[in-house]
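Just so you know, we're using my numbering here: the sequence shown kicks off at 127 and counts up by one. Heads up, the beta-carbon is just placed ideally off N, CA and C, and yes, glycines get one too. Please read these numbers as outputs of a predicted model, since none were measured by experiment. Here is the structure we will look at, set down as C-alpha cells.
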Amino acid sequence: MDNILERVHEAGLTLKAGCVAPGTLVYTEQGLVTADRAVTEKHKRILSYDRDSGRFELRRIERHMTTRVPRSENIEIVSNGVSLKTSIRHPVLVNRDDRLRYVRADEVREDDALVHYQLPWEADPSRALEAWFAGAHLGDGCAYAKSFSYKPTRQAWAARARAKGARLVFKIRAAEREVVERYASFFQAFCGAKAKVVAAQTVNGTPVWDYAVASFEASKAAALIDGQTGKKSGTLSVPSWVAQQPEKYFLPFLAGLIDTDGTVATERGSVILATQSAAFAQALKSLLGLFGVYAAITRRKPRSHAYRGHVIHDVGGVQLKISDSDFLQRLAGYMADTGKRRRIVRHASRAGQYDRYVMSSALRSALQDEVDGLSHSERQTLGFYHGYHRARVVSRIWLDRWQRRFPHLAEQIAFVRTLRPVDAVKRELDLPETFFDFTVEKHNNYLAGNQGLMVIHNCGIGYEFSTLRPRGAYVSGAGAYTSGPLSFMDIYDKMCFTVSSAGGRRGAQMATFDVGHPDVMDFIRAKREDGRLRQFNLSLLVTQEFMQAVSRDADWKLAFPISEKEVEDDDLDFRDPDQVVWREWPHHQGYVTNDAGLVACKVYKTIPARRLWDMIMASTYDFAEPGFILIDKVNEMNNNWFCENIRATNPCVTADTR
127 MDNILERVHE AGLTLKAGCV APGTLVYTEQ GLVTADRAVT EKHKRILSYD
177 RDSGRFELRR IERHMTTRVP RSENIEIVSN GVSLKTSIRH PVLVNRDDRL
227 RYVRADEVRE DDALVHYQLP WEADPSRALE AWFAGAHLGD GCAYAKSFSY
277 KPTRQAWAAR ARAKGARLVF KIRAAEREVV ERYASFFQAF CGAKAKVVAA
327 QTVNGTPVWD YAVASFEASK AAALIDGQTG KKSGTLSVPS WVAQQPEKYF
377 LPFLAGLIDT DGTVATERGS VILATQSAAF AQALKSLLGL FGVYAAITRR
427 KPRSHAYRGH VIHDVGGVQL KISDSDFLQR LAGYMADTGK RRRIVRHASR
477 AGQYDRYVMS SALRSALQDE VDGLSHSERQ TLGFYHGYHR ARVVSRIWLD
527 RWQRRFPHLA EQIAFVRTLR PVDAVKRELD LPETFFDFTV EKHNNYLAGN
577 QGLMVIHNCG IGYEFSTLRP RGAYVSGAGA YTSGPLSFMD IYDKMCFTVS
627 SAGGRRGAQM ATFDVGHPDV MDFIRAKRED GRLRQFNLSL LVTQEFMQAV
677 SRDADWKLAF PISEKEVEDD DLDFRDPDQV VWREWPHHQG YVTNDAGLVA
727 CKVYKTIPAR RLWDMIMAST YDFAEPGFIL IDKVNEMNNN WFCENIRATN
777 PCVTADTR
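Listed below in C-alpha cells is the structure:
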C-alpha cells in the first residue's frame, strides 16, 4: 500500500512537468552528454538512482520527449555549486524530514537536501597514458602538418603520401625531463616511434628538453586531441572521448595538463592552470564538479614584464584554481613531474572544509551512541565537543574522520555524502523554451545538471487495470464479489487529486485497459461522467485479433482468465468456445495455460466487434477519450521483447508528436 501511495504521489507531481533545459548534462551509455543530444540521438540508457538500495545505475530509457516551458515557468536550483535548470513543476528528489521524497522544483526549501551523484576519484588504467598525452599535448605541445616537395621523378611517392593523409609533426618542450620522457613513451607505445629526447635551451639560455616525432602512424594521435593542431591557445577544448567518459579518462588527462601547463603554489599546495580560452576553463570546472571538486575561475588582464633583457607579453585570459588537497593528492598519482607532485603533498592544506553535506538523523543518532566509548582526545579530534555530529550541515573533514574512526558506520556516511544543501533558487531565466525529458524504466528518475548531477523525476506513470477481475466476479477465497477495475481507478484518481496541488492542476497518470476485458464498455464510457477520472489519460490496448474481428464483422468475446479452482467451481468445458477462449495474457501464474503459452479465459459476454469499435470511435470523437494503443505492434517493435511485455505507457508525448 505504501508503494501505491508513493506512485500516486509522484504521478500527482509530474504532468506537464517541463523537463530540463537545453544544455543540461545527463549521463547515458555514451557518457556525459547534453539532454538535447540524448533525446535527438535517442540514447538507450541513462544514469538513474535506486532509492531502495541507494545505488546509482544505468537504466533503460523508455521514452525521449520534448516540451515547451515559457520563461515564466522556468527555474534554476543551485546546490553545492551544481546547477539544475528545469520547470517549476518538475519534481526533484530531496531528503526532507529524514525521508527521500519528490517535490516540485518551486517547492524546494532552504532546509532540504538534494541528492547528488559524485564520480569516484579513479581512472581506467588501460588508457591512462593516452589520456595523459592528450592533456600534456594540449597544455604545452604543438602539432602541424609537414609539407614535402616531391621531384617530378618521385610522383609515385607523392601519390602514396597523399593516400596516407597528412603527416603531422608532434613536438613538446619542457624543463622537466620526466615529462618529456613520458610524452616520448606514449609515441613509442602508440606507433613504435624511435625518436629520442634531447637536451636544448631556450633563447634566454634556460635548459630544457625537447622531443619531436613525425610519421604517418604518429599522425593518428591527432584523433586523441580531436584534431586540435596548429594554433590552439584561444580555442582549446576537452577531447570529446575524455569529456564523455570522465570517470575513466579525466584524471590522467588533467594530470597531463598540469604537468605541462600548470603551476603548483607553495601556498596551500593549490594548482593553477592559465589559459586564453574561457570556454576551456569552464569545461574543466564543470568536469571537476562531477567529482565533487570546486574550482574557481578568475580573469587575467594583459600585461608585460622584462626577463633577462627580453620583454615577455601576456595576452591575458583566465586561470583555473584547484585547492582541494585530497583530490590533488589522488591526481598526483597520474602525474609525471616529481617536483609538482612533491609540492602538492608538502604544501597540502586541510581539504574539504568548504565541501558541505547535510546530515541525516540516522548518522547523527549513530554518532551520539559512540560518544561514551571515546577518550577526551578523540572527542576533540572528531569534533564532538564542538557539536559537529549534531549539526545540520557538516564539511567533508568530519565525514572523513568519522569514516576512519567508525568503519561500521560506512553505509550511513555514504548516504550523507549524496546529500547536498540548497544554495540558491532563481526564477524566470533567459532560456530557450524547448525543454527535454525521458521516461526511465523501474526507478522513474535520472541524473541531470551542470557542474555536477542531481536526481530528478522523469514524467508521469502508467498502469494497466485490466489485470483486475471484472465487476461482479466471485472470489471464492474471500467469499465476496469484486467491485471491478473502475472502482480501483476511482481510488487512484482521488489520491492523485489530493496530492496534485489541491486540484489546481491535473496529475500525470495513464490507465490502459485490454479491449477483451468484460468491463471494457464501462472503461470506454468512464470519462463521460462529469469530474470522473480527471487525473487520468485513458487508452485501450487494441489487439490484432480484435481488429480482424472488426474487419470481418465478427463477434467479439469479452473474457477474463480463470484459475484451476474456478474451472472446478463453474464446471467449464475448455472445448466449448462459447465458454472459454484462449488468449495471450501478461501473467500466467495462478491461471490455466496450454502448451502454446495461451491463458484460458472465461467468456462473460459476446458482442459484435463493430459495435464495440463504433462505441470507441464515438467516445473518442465526442470526449477525446479513450485513445488506443496497438499493443501487439508495440511489443513486436520492442527491442526487449525477449525479457518484457509492455502493457502500459507514460502519459507524456514523444518528440515527434504534432
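ask   = Counting Cβ pairs, one atom from each stretch, are 3 or more of them under 8 Å apart for the region 482-493 and the region 414-427?
value = no
query = Do you know offhand how far Ser363's Cα is from Ile351's?
reply = 9 Å
Beta strand (DSSP E) segments (min. 3 residues) lying fully within the region 619-706 = 635-640, 662-668 and 681-687
message = Once DSSP output is grouped into helix, strand and coil, what is the label at His515?
response = helix
query = Just the Cα atoms here: how many angstroms apart are Ala558 and Ala574?
reply = Going by the sequence as given, residue 558 is Pro instead of Ala. Distance between the alpha carbons of Pro558 and Ala574: 17 Å.
request  = Please go through the same chain and pick out, in chain order, the residues whose beta-carbon is closer than 6 Å to the beta-carbon of Gly382, but skip the five residues on each side of it.
outcome  = Trp258, Gly261 and Ala262
ask   = Three-state secondary structure (DSSP) at Gln529?
value = helix
inquiry  = For Lys211, count the other beta carbons within 10 Å of its own beta carbon; 16 or more makes it buried, fewer makes it exposed. Which is it?
reply    = buried
inquiry  = Give the list of continuous beta strand (DSSP E) stretches no shorter than 3 residues that lie fully inside the region 482-517.
reply    = The beta strand (DSSP E) runs lying completely inside the region 482-517 and spanning 3 residues or more are 482-484, given in chain order.
inquiry  = Could you give the first and the last residue of the continuous alpha helix (DSSP H) run that contains Leu240?
reply    = Counting along the chain, Leu240 falls outside any alpha helix (DSSP H), though it belongs to the beta strand (DSSP E) covering Ala239 to Tyr243.
ask   = From Ala400 to Gln408, what distance separates their C-alpha atoms?
value = 12 Å
query = If we ignore side chains and look at the alpha-carbon of each, how far apart do Ala301 and Ser396 end up?
reply = 20 Å
message = Quick check on Thr392: does DSSP put it in helix, strand or coil?
response = coil
inquiry  = Excluding the 5 residues flanking Gly753 on each side, which residues of the same chain have their C-beta closer than 6 Å to its C-beta?
reply    = Ser665
Pro378: first and last residue of the uninterrupted alpha helix (DSSP H) it sits in = Pro372 to Asp387
query = Looking only at DSSP bridge pairs, what is Cys268 linked to?
reply = Lys297
message = Please report the straight-line C-alpha distance between Ser487 and Phe541, rounded to a whole angstrom.
response = 11 Å
query = Could you check where the alpha helix (DSSP H) with Trp739 kicks off and where it finishes?
reply = Ala735 to Phe749
ask   = Among residues of its own chain, excluding the 5 on either side of Val779, which ones have a beta-carbon nearer than 6 Å to its beta-carbon?
value = Annotation note: pLDDT 45 at Val779 (below 50); position unreliable, coordinate value reported separately. Correct list: empty, nothing qualifies.
message = Can you give me the C-alpha to C-alpha distance between Glu504 and Arg476, rounded to a whole angstrom?
response = 18 Å
request  = Let me know if Gln479 comes out buried or exposed under the rule of 16 or more other beta-carbons within 10 Å of its beta-carbon.
outcome  = Burial call: exposed.
query = Could you give the uninterrupted runs of the alpha helix (DSSP H) lying entirely in the region 411-474, keeping only those of 4 residues or more?
reply = 451-458 and 464-472
message = Measuring straight from C-alpha to C-alpha, what distance separates Gly207 and Ser359?
response = Taking the straight line from one Cα to the other gives about 27 Å.
query = Would a C-beta distance cut-off of 8 Å place Tyr337 and Ala310 closer than the cut-off?
reply = yes
query = For Ala249, which option in Glu751, His436 and Gly459 has the closest C-alpha, if you only look at C-alpha atoms?
reply = Ranking Glu751, His436 and Gly459 by Cα distance to Ala249 puts Gly459 first.
ask   = What three-state label does DSSP hand His216 in the structure shown?
value = coil
key: Residue from Leu245, Ser341 and Val646 with nearest C-alpha to Lys731   = Val646
message = Please state the DSSP three-state secondary structure of Gly261.
response = helix
ask   = So what's Val611 in DSSP terms, helix, strand or just coil?
value = Strictly speaking, residue 611 in this sequence is Pro, with Val absent from that position. Three-state DSSP puts Pro611 in a helix.
task = Decide if Arg632 is buried, meaning its Cβ has at least 16 other Cβ atoms within 10 Å, or exposed.
result = Confidence in Arg632 is poor, its pLDDT being 49 and thus under 50, which makes the residue's placement too unreliable to answer from.
task = Determine the DSSP secondary structure at Thr783, reduced to helix, strand or coil.
result = Note that Thr783 has pLDDT 40, beneath the 50 cutoff, so the model's placement of it is unreliable and the number below is only indicative. It is coil, neither helix nor strand.
query = How far does the alpha helix (DSSP H) with Gln354 in it reach, from first residue to last?
reply = Premise fails: Gln354 is in no alpha helix (DSSP H) and is neither H nor E.
task = Would you grab the beta carbon distance between Ala231 and Val218 for me? Rounded to a whole angstrom, and I think it's under 8 Å.
result = 6 Å
key: Straight-line Cα distance separating Trp524 from Pro251   = The straight-line gap from Cα to Cα measures roughly 31 Å.
inquiry  = Quick check: is any heavy atom of the ligand COA less than 7 Å from the C-beta of Val693?
reply    = For the ligand COA, the structure offers nothing, since it holds no ligand at all.
task = Determine the DSSP secondary structure at Tyr228, reduced to helix, strand or coil.
result = The three-state secondary structure of Tyr228, taken from DSSP, is strand.
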